[in-house]
Each structure stands twice: as structure tokens, then as C-alpha cells.
Amino acid sequence: MTTSPRPAADPPFHILFDQPQIPPNTGNAIRMCAGTGAALHLAGPLGFNFEEKHVRRAGLDYHDLADVQLHEDFEAAAAHLTGVSRKQAELGRKQAEGGAQPRARIFAFTTHAETWFTDVEFRRGDVLLFGPETTGLDEDTLADPRITAQLRIPMLPARRSMNLSNAAAVAAYEAWRQLGFPGGL
Numbered sequence: 005m006t007t008s009p010r011p012a013a014d015p016p017f018h019i020l021f022d023q024p025q026i027p028p029n030t031g032n033a034i035r036m037c038a039g040t041g042a043a044l045h046l047a048g049p050l051g052f053n054f055e056e057k058h059v060r061r062a063g064l065d066y067h068d069l070a071d072v073q074l075h076e077d078f079e080a081a082a083a084h085l086t087g088v089s090r091k092q093a094e095l096g097r098k099q100a101e102g103g104a105q106p107r108a109r110i111f112a113f114t115t116h117a118e119t120w121f122t123d124v125e126f127r128r129g130d131v132l133l134f135g136p137e138t139t140g141l142d143e144d145t146l147a148d149p150r151i152t153a154q155l156r157i158p159m160l161p162a163r164r165s166m167n168l169s170n171a172a173a174v175a176a177y178e179a180w181r182q183l184g185f186p187g188g189l
């Protein structure tokens, strides 16, 4: 079997961090994406310089093996991934037929959701969206019409949230498992 040192041209799914703040979390996600073939999208503003040594250190030597894309903000990232602007998506909902339909599904991970992430049948090209470490996704982002569903990772009661890179890894491996671990050994 031949392995390529480059990222997959057609990633099985996408991880989208909206306004990440802690460099090692992004570095860990780079390494996880390199290992799964997922593309990592970072929507600004970032809480750090992407070239910061902590990002590089956490990602080890996997930066060249991962598909990492920087976007100005969530709107730019969502438009890039779905092919539909927020305004087009709002019109599409009003005009159920003939309106602009997103080409990718976006699943927003939040502790406020009731649906467990394991209750979803993930498809190739899906986007797994996570918010800033200190606040999670804001209400405006959660209300975006391009969000297919809000999902939660189950935890014990009285726990605020999981670490960003850990939550992304848990969700990513479930999505990758459902897809049959394409490209995996």
C-alpha cells in the first residue's frame, strides 16, 4: 500500500473551529485531521497567531499532512463549505422549492442541544462545527439557516463542557467510523 504525505484532495468530512482561542487545541486538531483525512477550517478572528510556536508544537510534524484552511469569519467559512450565503439560505427556506440549497450539511456541537451526535447518520462532506473554547457557539451562529442540526456529546451532569480538541476528536472519529474509515489502516 502506498501512502501519500499530502492531505486528501477529497476529505471525508470537515472540522470547523469558529474563533478558536487556545493554540494547543488547534495544534491537536491539526494532528487529528492529518490522521483522519478530515479538512480543518479555522474561522476568524483567531485568538492567536497561526504561526505561534504552541500551535506548531501541538501539531508536531503533521502540519504538512493536514488540509488547514483559514477563513475571515464564520460567514466566509460557511459560504465556502456550503456554497450558499446566509441570505441565500434564508431565502431557500422561505422558497422550499427552487431556493438555494447548501451542498454540505453543518452540524453545530453545543452543550445546549438535546440530540446526541451518535443519533446522526453522517455523510461524506459533512461539517462538524465547534465554537470558541470559553463561550461555545453564539446564538446568532446557532440560528444560522445553514446549520442542519445542533448536536451534543453526552457528559455527566454538572459538567460545563469538554476540551475543544477532545470534543472534535470524539465527533470526528464517530463520523469517520460511520463512513467506514475511508483511507484508514
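Start counting at 1 in the sequence shown, then tack on 4, and there's your number in the working numbering.
Heads up, the beta-carbon is just placed ideally off N, CA and C, and yes, glycines get one too.
1) If you draw a straight line from the C-alpha of residue 156 to the C-alpha of residue 133, how long is it?
2) Helix, strand or coil: how does DSSP classify residue 73 here?
3) Would you kindly work out how many angstroms separate the C-alpha atoms of residue 82 and residue 90, rounded to a whole number?
4) So, do the stretch 22 to 32 and the stretch 121 to 131 have three or more beta carbon pairs nearer to each other than 8 Å?
5) Looking only at its own chain, which residues have a Cβ that is under 6 Å from the Cβ of residue 14, when we skip the five neighbours before and after it?
6) Helix, strand or coil, according to DSSP, for residue 160 in the structure here?
7) Considering only residues of the same chain and omitting the five flanking positions on each side of residue 84, which have a CB-CB separation below 8 Å?
8) Whole angstroms are fine: how far does the CA of residue 16 sit from the CA of residue 112?
9) In chain order, what residues of the same chain have a beta carbon less than 8 Å from the beta carbon of residue 177, not counting five sequence neighbours either side?
On the basis of the supplied data:
1) 11 Å
2) strand
3) 8 Å
4) no
5) none
6) coil
7) 45, 73, 75
8) 17 Å
9) 40
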